[in-house]
Structures are given as C-alpha cells and as structure tokens.
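First up is the structure itself, then whatever we jot down about it.
Numbering (this note's numbering), first residue to last: -7 to 248.
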C-alpha cells in the first residue's frame, strides 16, 4: 500500500512563500480535490508531492522515504502524473504514448512476459480511446489528448495518480467522463489527487477536499464540510448561494 506525506513543507520563490508550512497525508481509497483560487499554491503543492519541486524546509515522504532521495523509477512505479493541459508535441501515435506509461516496468520480468501489450490495450479501452490508437497525438482534441495521457497513467499501474487541472478548458462531456474515470480508479489500494477549479465537480466526485488559500490549507475534509458558505466567502471573497442535491453541496451562484 502506498502512502504519500508532506510534513511542514515550505516552498519559496523570489522571497515569497508559495507553500507555507503545509502538512498533508494522502491515503489510498480517496479522491482528493485540491481546490482554491488562482495563486493559492495548488499546482506547486502537487509538484512537491511528486518530487518535482523540492521544499526548502520540511519534506515529502513516499512510503516513509524522502521522495527526493528516491530514484525516478521507484517514484514512477508508485505515482502517476497527469500534467496540466496534457501537453504532447511529439508526432507519435496514441498507442505509442500509452506504451510509454509502462516504462517503469520495462525491466520487470513478470511485466515483460506478454502482459505489457495487454495493459496498454486495457488502459485504452477503459478510457474509451481504442479507436484512436493509430491517430497522431498532435491531431487530437483537448479532451481526446487528456484521455490519452490518462490512459498512459493507467498503463503505469501506479497506486496513486496526481492530476493537475485534468478538466480545465474541456467541454462538460469530457469533464464528466474524466472525473468519473478518476473516481473509478479509487479502491482500497489506490487513490487520486486532482487540482480542480470547478467546485461543483469537486463536490460531486471527490471524497475529500483540501481548500487552499495563500499557500496554506484553509480547510480539509469531506465536501459537505469544506464547501461552506463561510469558507467560500473567506477564500474566494464571494457570497455563495448553496443548495443540496442527494446530500452534496451545489453552488448555484455568488456575488462579490
């Protein structure tokens, strides 16, 4: 079972604290939404959890091991990363991109023995992109490209997936499809962390929300608790009108 922990991390840029003394534990069995206004530090926190950005104080630990002391191959076997905008500038096919997700297991004998092709096929099927496998990635729409990069993550079979704004800029159909796919990955042994801006999507699909403001965690808990009118007012500076549908909070409108 994979655990990811941040302990009192401080990240600074140009003498400004972007992440200020944050502690956070990510466990399997959760779809965690990192929410908050622009500039709150969500993406920086996500990248620190991946070991891409190194804190100047505190540390990030993967299975109780300092993440910046571990090989990238070890990290990749435990953490899948879906980058913001799912960028890809190579004129390669969808299938080739998904195959890259298997790289952490290239030297694993059990994975080599005929199973990698099955993993790739299953990953494309689960994301609904099998029909696109011979298309060039550079010819895809934004939603198709995000699904391709998500399939690459799934092919890596990492217990934790960390996604940076996976639905930003996509049409509602692709937003719902991708959020449902992320939710489907959650089990007793796997989990997902996603940076999100749409609070209603976050409330619907996430089991836990971490609300950030000015580099700190303002609230952490279930959506019903975190998405209170008071928290939204304090962090976003708006007066929100809330209703509940099937026990989930829905933000109908707001004013400044």
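We put the CB at the ideal spot given by N, CA and C, even for glycine.
**Request:** Check residue 64 in the structure and name its three-state DSSP category.
**Result:** Residue 64 sits at position 72 when you count from the first residue of the chain shown. Helix, per DSSP.
**Request:** With DSSP collapsed to three states, give me the class of residue 52.
**Result:** Looking up residue 52 in the chain shown gives position 60. Looking at residue 52 - three-state DSSP - the assignment turns out to be strand.
**Asked** Is there contact here, the region 54 to 66 with the region 2 to 13, by at least three beta-carbon pairs under 8 Å?
**Response** Cβ pair count under 8 Å is below three, so no.
**Asked** Residues in its own chain within less than 8 Å of residue 239 by CB, not counting five upstream and five downstream?
**Response** Translated into positions along the chain shown, residue 239 becomes position 247. Taking C-beta separations shorter than 8 Å and ignoring five residues to either side along the sequence, the partners of residue 239 in its chain run 216, following chain order.
**Backbone CA spacing between residue 50 and residue 35 [nearest angstrom]** = For the purposes of this step, residue 50 is taken as residue 58 along the chain shown, with counting starting at 1. For the purposes of this step, residue 35 is taken as residue 43 along the chain shown, with counting starting at 1. Rounded to whole angstroms, residue 50 to residue 35 spans 18 Å at the Cα level.
**Asked** How big is the Cα-Cα spacing for residue 241 and residue 219?
**Response** If you number the chain shown from 1, residue 241 lands on position 249. If you number the chain shown from 1, residue 219 lands on position 227. Taking the straight line from one Cα to the other gives about 7 Å.
**Asked** Since residue 119 contacts residue 173 with CB under 8 Å, what's their CB separation in whole angstroms?
**Response** Translated into the one-based positions of the chain shown, residue 119 becomes position 127. Translated into the one-based positions of the chain shown, residue 173 becomes position 181. Under the criterion of beta carbons closer than 8 Å, residue 119 and residue 173 qualify as touching, at roughly 6 Å.
**Message:** On the criterion of 16 or more Cβ atoms from any shown chain inside 10 Å, does residue 158 qualify as buried, or is it exposed?
**Reply:** Position 166 of the chain shown holds residue 158. With a 10 Å radius around the Cβ and a threshold of 16 neighbouring Cβ atoms, residue 158 comes out buried.
**Message:** Classify residue 48: buried if its beta carbon has 16 or more other beta carbons within 10 angstroms, exposed otherwise.
**Reply:** Locating residue 48 in the chain shown gives position 56, counting from the first residue. Taking all protein chains in view, the Cβ of residue 48 is surrounded by fewer than 16 other Cβ atoms within 10 Å, so the residue is classified as exposed.
**Prompt:** Could you check where the beta strand (DSSP E) with residue 187 kicks off and where it finishes?
**Reply:** Stepping through the chain shown from its first residue, residue 187 is reached at position 195. Unbroken beta strand (DSSP E) run through residue 187: 183 to 187.
**Item:** Contact check, residue 144 vs residue 183, beta carbons under 8 Å
**Value:** If you number the chain shown from 1, residue 144 lands on position 152. If you number the chain shown from 1, residue 183 lands on position 191. At the C-beta level, residue 144 and residue 183 stay beyond 8 Å of one another.
**Prompt:** Do residue 26 and residue 197 have their CB atoms nearer than 8 Å?
**Reply:** Against the chain shown, residue 26 aligns to sequence position 34. Against the chain shown, residue 197 aligns to sequence position 205. No.
**Prompt:** What is the residue span of the alpha helix (DSSP H) that residue 39 lies within?
**Reply:** Taking the first residue of the chain shown as position 1, residue 39 is located at position 47. In the DSSP assignment, residue 39 falls within the alpha helix (DSSP H) that extends over 34 to 41.
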